[in-house]
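2 protein chains.
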Amino acid sequence: MDGRPHVTLEDVARAAEVSLATASRALNGTTKVRADLRERVLAAAEQLAYTPNAHAQALAGASHRTVGVICHDVSDPYFAAIARGVMRVAGDNGLLVMLASTFRDPQKEIAYISMLRAQRASAILLVGSGFEDKAWERALAAEIDPYRRGGGQVAVVSRHRSLRVDSVQPENREGAAALARALLELGHRRFAVLAGPRALTTVVDRLAGFREGLAEAGVELAESDIVEAAFTRDGGHSAMSRLLARGLEATCVFAVTDVMAIGAMTALREAGLSVPADVSLAGFDDIPVVRDLTPALTTVALPLEELGERAMELAIRDSRGTRSRVLRLPGEVVLRQSTSRVPA
Amino acid sequence: MDGRPHVTLEDVARAAEVSLATASRALNGTTKVRADLRERVLAAAEQLAYTPNAHAQALAGASHRTVGVICHDVSDPYFAAIARGVMRVAGDNGLLVMLASTFRDPQKEIAYISMLRAQRASAILLVGSGFEDKAWERALAAEIDPYRRGGGQVAVVSRHRSLRVDSVQPENREGAAALARALLELGHRRFAVLAGPRALTTVVDRLAGFREGLAEAGVELAESDIVEAAFTRDGGHSAMSRLLARGLEATCVFAVTDVMAIGAMTALREAGLSVPADVSLAGFDDIPVVRDLTPALTTVALPLEELGERAMELAIRDSRGTRSRVLRLPGEVVLRQSTSRVPA
DNA sequence: ACTCTACCTGTAAGCGCATTCAGAAAGCGC
DNA sequence: GCGCTTTCTGAATGCGCTTACAGGTAGAGT
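Chains as they are written, first to last, in the UniProt record's numbering: chain A, 1 to 344; chain B, 1 to 344.
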């Protein structure tokens, strides 16, 4: 923006026939100002449609209230749900949120952090897994460290361990283990897993947890039972298709993400298979839409909005001096119609 | 943020043993700077992890690159899809997006615009319908007008006519009419409509278009065939339930929004009715997930991401002097399995 | 060799605001 | 009614940066 005709505090002060300082004080209420003067200032401001210049305010020392949130893709329902919580808390605290989508491009992530740093955002929230890349991790640290040294807050949702910052983490491992137990309970013994990129901790944890749960019953998950694909609906679809092409032996398929499960379900339908009569299918996350699928998806329900809310709260609260806090939020297995008992 | 130890340009200049001006020029590349000096400056900046203070830059006149986007709810798939387009274009243009969710609170909307104005955002994007409220419209104008006079750009996606600004609009009316025709083609003659709040232009337009399409075949839509509800999944669910409770005579239900259609579909399933065998169901928008429903939803496909992209492009391009531009994007009827031919 | 013209570099003036500091006004006790 | 304290006001400073503007240096032209 560059239109010149901007009303400044000086204009207001002149119109109200007071000094700049008085106008500032009247507007901010930092100090007592004689009632009639304040009235005059407020009236003038109103009349001139004055809006303080946030940049000037920030520069002059007033802590400005903006936070940055970086995610992979706003349109992913998983993130959208988290973002909802983030937005609510931000709104309640009068914060402006600068939201950036990296579209899973590490470079963009770094670039955005740098921009947020330039904006002197009071906090930065990183949502979603990081990248398995040493160079990237270094670059990330190179942005984050000076930012924090400068007083910036950083919080993370479901993210790399490499960062030593406040974080909110869903209990992926425990949730997946619980899911495994529930599926075993239904009589399943042969499983297949649709996994996302193995580099992501989310994937690793859920996989490990699932294996753990199975192991308790002496059931093993072979590497060949795991198919890797992109963390998207299409990824789930293609992974499921590949699985089917090679001949599916499992009675139950676990997609590490609801979004992938959605794709998988469609792939199964397209292949003429019925869920759960022919195969049971389970997901993870409990994004809002999965209960409206037919059959409704069995999944591990994560408090997604709360994840966002807590993270934002961490980011707001001053943490200097504190050692990094970790908040773990449990998931809960929700059995719906996409899984059924295996006929004995 | 308020941590003092912030590296400033002056620090860099001192470290590089050049003047402040030279450092600035070297970093911004605005003017030729002797090669060795530039090297020194760049090295110093790098070494000190210098990040320019965007506020100071903005204040000093450098046009800063941030845009504001205001929507009702990030987690609504309709908006999420649009936001995706917005984010992409913003990212490609090096813009930082400040995103705000109003949660359909008119006051919040005004408050956010005011904040964006304070931030001197170079453009503001309003996504989604406005409110039918004279007081609100006045308040909105009171924020928008000075903002535009100050050189701010404003663009709108699918929104009130009351604002005379650049806008991108889906062809709701035409799309709904085309859908009506397609449904008539399938033999349907008795319809019911799940509408959102009648105050929203989106609802009004889609309703009008649908009526229009039906009228061409001499089919009328009685007021009693229209059920109003919130613009959400639950709204669709409850509207459908009410419709069923009162005894459904229609052979086809049109939900003015896919999100509502999703709720409706579940309500139908819960009532033991089969789609499309017992009732056909159609939506509008083509949000990504509806093709994965069972049955896949017939709907009017809107280029949602493109809506966001175009709007952002409008917002970026300087429009001063130009009269407000309106971009209309057509929808396309997509027949899927949720609608079927009526047995003769 | 000397002047003139390019080209850089550094000095300094704000951008709009919060805030410190000193001084004016007002209230109090005696 | 005078001096004191207590409020409140206004002038001035600086936040970090960009950008005229002026000064300096070096190369070109004659």
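Each residue gets a CB set at the ideal place from its N, CA and C atoms; glycine is no exception.
*Buried/exposed call for Val286 of chain B, threshold 16 Cβ in 10 Å*: Looking at the sequence shown, residue 286 of chain B is not Val but Asp. Asp286 of chain B is buried by the Cβ-count criterion.
_With H, G and I counted as helix, E and B as strand and the rest as coil, what does DSSP make of Ser19 of chain B?_
coil
*If you pair each beta-carbon of the stretch 296-306 of chain B with each one of the stretch 135-143 of chain B, do three or more pairs fall below 8 Å?*
no
*Beta-carbon contacts of Ser19 of chain B that lie in its chain and below 7 Å, excluding the five residues immediately before and after*: Ala13
*For the stretch 111-134 of chain B, enumerate the residues whose C-beta is nearer than 9 Å to any C-beta of chain A, in chain order.*
Ala111, Tyr112, Ser114, Met115, Leu116, Arg117, Ala118, Gln119, Arg120, Ala121, Ser122, Ala123
_Neighbourhood of Met1 of chain A by C-beta, 7 Å cutoff - its chain only, sequence neighbours within 5 removed_ = Bear in mind that the predicted position of Met1 of chain A carries a pLDDT of just 42, short of 50, making it unreliable; the figure below should be weighed with that in mind. Here the set comprises nothing.
*If we count the other Cβ atoms within 10 Å of its Cβ and call it buried at 16 or more, is Ala35 of chain B buried or exposed?*
exposed
_Burial state of Pro170 of chain A (16 or more Cβ within 10 Å)_ = buried
*Could you say which of B:Leu96, B:Phe103, B:Val290 lies nearest to Gln337 of chain B if we only look at CA atoms?*
B:Val290
*Report the option in B:Arg341, B:Leu27, B:Arg159, B:Leu281 whose CA atom is closest to the CA atom of Tyr50 of chain B.*
B:Leu27
*asked:* With distance defined between alpha-carbon atoms, name the residue in A:Asp234, A:Leu194, A:Leu281 nearest to Leu243 of chain A.
replied: A:Leu194
*Which partner residues of Ser280 of chain A appear in the DSSP bridge assignment?*
A:Cys252
*Among residues of its own chain, excluding the 5 on either side of Ser324 of chain A, which ones have a beta-carbon nearer than 8 Å to its beta-carbon?*
Arg164, Val165, Asp166, Ser167
*Please determine, among A:Val219, A:Pro276, A:Ile262, A:Ala15, the residue with the shortest C-alpha to C-alpha distance to Leu293 of chain B.*
A:Ile262
*asked:* I'd like to know whether the C-beta atoms of Leu307 of chain B and Val157 of chain B end up nearer to each other than 8 Å.
replied: yes
*Nearest-angstrom Cβ-Cβ length linking Phe231 of chain A and Gly283 of chain A, presumed shorter than 8 Å*: So it is not a contact: roughly 12 Å between Cβ atoms.
*For the candidate residues B:Asp145, B:Arg104, B:Glu46, whose alpha-carbon lies nearest to that of Val114 of chain B?*
Here residue 114 of chain B is Ser; the residue named in the question, Val, does not match the sequence. Answer by Cα proximity: B:Asp145.
*Return the residue from the list A:Val67, A:Glu313, A:Asp225 that minimises the CA-CA distance to Ala121 of chain A.*
A:Val67
*Assign Ser107 of chain A to one of two classes, buried (16 or more other C-beta atoms within 10 Å of its C-beta) or exposed (fewer than that).*
In the sequence on display, residue 107 of chain A carries Gln and not Ser. Under this definition Gln107 of chain A is an exposed residue.
*Comparing the C-beta of Thr266 of chain A with each C-beta of chain B, is any distance below 8 Å?*
yes
*Does the separation of the CB atoms of Leu214 of chain A and Phe191 of chain A fall below 8 Å?*
yes
*Starting from the C-beta of Arg341 of chain A, find all residues in its chain whose C-beta is less than 7 Å away, skip the five residues before and the five after it, and write them out in chain order.*
Leu186, Gly187
*Answer with yes or no whether the minimum CB distance from Gly150 of chain A to chain B is below 8 Å.*
yes
_CA nearest to the CA of Ala271 of chain A, picked from A:Phe254, A:Arg246, A:Val227, A:Gly128_ = A:Arg246
*Taking all protein chains shown into account, do 16 or more other C-beta atoms lie within 10 angstroms of the C-beta of Arg159 of chain A, making it buried, or fewer, making it exposed?*
buried
*CB contact below 8 Å: Arg317 of chain B versus chain A*: no
*Taking C-beta pairs closer than 8 Å, name the residues in chain A that Asn53 of chain B reaches, listed in chain order.*
Leu59, Ala118, Arg120
*Locate the alpha helix (DSSP H) running through Ala90 of chain A, then write down its first and last residues.*
77-92
*asked:* Spatial neighbours of Ile110 of chain A within its chain, please: C-beta separation below 8 Å, excluding the five flanking residues on both sides.
replied: Trp136, Ala139, Leu140, Glu143
*With 16 as the cutoff for other CB atoms within 10 Å, does Thr339 of chain B come out buried or exposed?*
buried
*Examine the ligand MG and report whether any of its heavy atoms sits within less than 7 Å of the Cβ of Pro77 of chain A.*
Ligands in the displayed structure: none, and consequently the ligand MG is not present.
_Extent of the continuous alpha helix (DSSP H) run through Asp205 of chain B_ = 201-215
*What span of residues does the beta strand (DSSP E) with Thr66 of chain A cover, start to end?*
66-71
*What's the C-alpha gap between Leu48 of chain A and Val204 of chain B?*
37 Å
*Show which residues of chain B have a CB atom less than 7 Å away from the CB atom of His72 of chain A.*
Within 7 Å Cβ-Cβ: nothing; His72 of chain A doesn't reach chain B, min ~11 Å.
*Apart from the five residues on each side of it in sequence, which residues of its chain come closer than 6 Å, Cβ to Cβ, to Leu95 of chain B?*
Arg65, Val67
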